[in-house]
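Visitor:
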Amino acid sequence: FTHAADMDADINVADIVVEQQDEPQDLTDSVTTLDEPVAMTIWRDLKKIGIKLYYVIIPRRSGQKTLRDWDLWGPLLFCFTLALVLSQTASKEQKAMVFTTVFVIVWIGSIVVTINTLLLGGKVSFFQSLCIFGYCLFPLTMAAIATLFWGNLLFRLILSVVATVWSSLATVGFLSEMVPKSRKVLAVYPVVLFYMVLGWM
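Counting with the working numbering, you get residues 3 to 203 for the letters of the sequence shown.
1) Just to confirm, is the Cβ distance from Val-174 to Val-190 under 8 Å?
2) Just confirm the distance between the C-beta atoms of Ala-145 and Ser-162, as a whole number of angstroms; I'd bet it's less than 8 Å.
3) By the three-class DSSP mapping on this structure, what secondary structure does Gly-123 have?
4) Does DSSP classify Val-104 as helix, strand or coil?
5) Just to confirm my understanding: we take Leu-112, look at its own chain, exclude 5 residues before and 5 after, and list those with CB closer than 6 Å. What are they?
6) Per DSSP, what kind of secondary structure is Gly-175 in: helix, strand or coil?
7) Who are the Cβ neighbours of Thr-116 in its own chain at under 8 Å, not counting the five residues just before and after it?
8) Hey, how far is the Cα of Pro-141 from the Cα of Trp-152?
9) In terms of alpha-carbon separation, which member of Asn-118, Pro-182, Cys-81 and Lys-183 lies closest to Thr-102?
10) Indicate whether Gly-201 and Ala-172 have their beta-carbon atoms separated by less than 8 Å.
11) Check this for me: beta carbons of Gly-76 and Ile-51, under 8 Å apart or not?
12) Is Leu-78 near Thr-143, with beta carbons less than 8 Å apart?
13) Would you report the Cα separation of Leu-120 and Pro-39, rounded to the nearest angstrom?
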């Protein structure tokens, strides 16, 4: 009896091994980033930021899926850069205040516009929407950097208008397919107002 029991145990163990081999190996198929070098992780994130920027510079419908793979590295980078650049044009006593004001306006404004989009039935998650608004700061950030080299009033005015329109169109292009047609105007108006405030600064 003991010998028969040992044979049954061996057969059961063999069956379990076979079943485990037949099961799909999700862990091996998924991309593991825990063991990769830090430089490779940074390079991969920079590539993702570059791809998202491409769809902001040249808005197209195929970019919606790309921006739905959200991250907040790009938005944080552009927000920090915009706040830093705008603070350089202020006096020494107001640099910190300008930096803080821009930083707060960007994030609170993005959150408010995001909530408005969701309340209007937008088919986008909270962080996906924040990602879109953050990446669409790129034209305004580049305009702010350009005005550091030439502070002509007319040049700054034209550049601010162009950057505001560009950021608004890029954002609207991404959100237009995510908001019901009957509510598009209600979703677009706060977006344009948000970028107008930043462009005016």
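Every residue, glycine too, gets a C-beta built ideally from N, C-alpha and C.
Guide: Put simply:
1) For the purposes of this step, residue 174 is identified with residue 172 of the sequence shown, where counting begins at 1. For the purposes of this step, residue 190 is identified with residue 188 of the sequence shown, where counting begins at 1. Closer than 8 Å, so yes.
2) Mapped onto the sequence shown, residue 145 falls at position 143. Mapped onto the sequence shown, residue 162 falls at position 160. Indeed they touch by this definition, with Cβ atoms about 6 Å apart.
3) Residue numbering aside, residue 123 sits at position 121 when the sequence shown is read from its first letter. Three-state DSSP puts Gly-123 in coil, outside helix and strand.
4) Residue mapping note: residue 104 aligns to position 102 of the sequence shown, counting from 1. Three-state DSSP puts Val-104 in a helix.
5) The residue labelled residue 112 in the question sits at position 110 within the sequence shown. The identity of residue 112 in the sequence shown is Ser, whereas the question assumes Leu. Result list for Ser-112: Leu-132 and Phe-135, in chain order.
6) Within the sequence shown, numbered from 1, the residue matching residue 175 stands at position 173. Note: Gly-175 maps to helix in three-state DSSP.
7) Residue mapping note: residue 116 aligns to position 114 of the sequence shown, counting from 1. Once the five neighbours on either side are set aside, the close Cβ partners of Thr-116 are Phe-128, Ser-131, Leu-132 and Phe-135.
8) For the purposes of this step, residue 141 is taken as the residue at position 139 of the sequence shown. For the purposes of this step, residue 152 is taken as the residue at position 150 of the sequence shown. Their Cα atoms are separated by approximately 17 Å.
9) Counting from 1 along the sequence shown, the entry for residue 102 is found at position 100. For Thr-102, the nearest C-alpha among the options comes from Cys-81.
10) What you label residue 201 is simply residue 199 of the sequence shown in a count that begins at 1. What you label residue 172 is simply residue 170 of the sequence shown in a count that begins at 1. Result no, Cβ atoms of Gly-201 and Ala-172 do not sit closer than 8 Å.
11) Counted from its first residue, the sequence shown places residue 76 at position 74. Counted from its first residue, the sequence shown places residue 51 at position 49. Yes; because the gap between Cβ atoms is below 8 Å, this pair is in contact.
12) Counting from one through the sequence shown, the residue named residue 78 turns up at place 76. Counting from one through the sequence shown, the residue named residue 143 turns up at place 141. Their beta carbons are not under 8 Å apart, which means Leu-78 does not touch Thr-143 by this criterion.
13) As a first step, residue 120 is located in the sequence shown; it is residue number 118 there, counting from the start. As a first step, residue 39 is located in the sequence shown; it is residue number 37 there, counting from the start. Cα-Cα distance, rounded: 38 Å.
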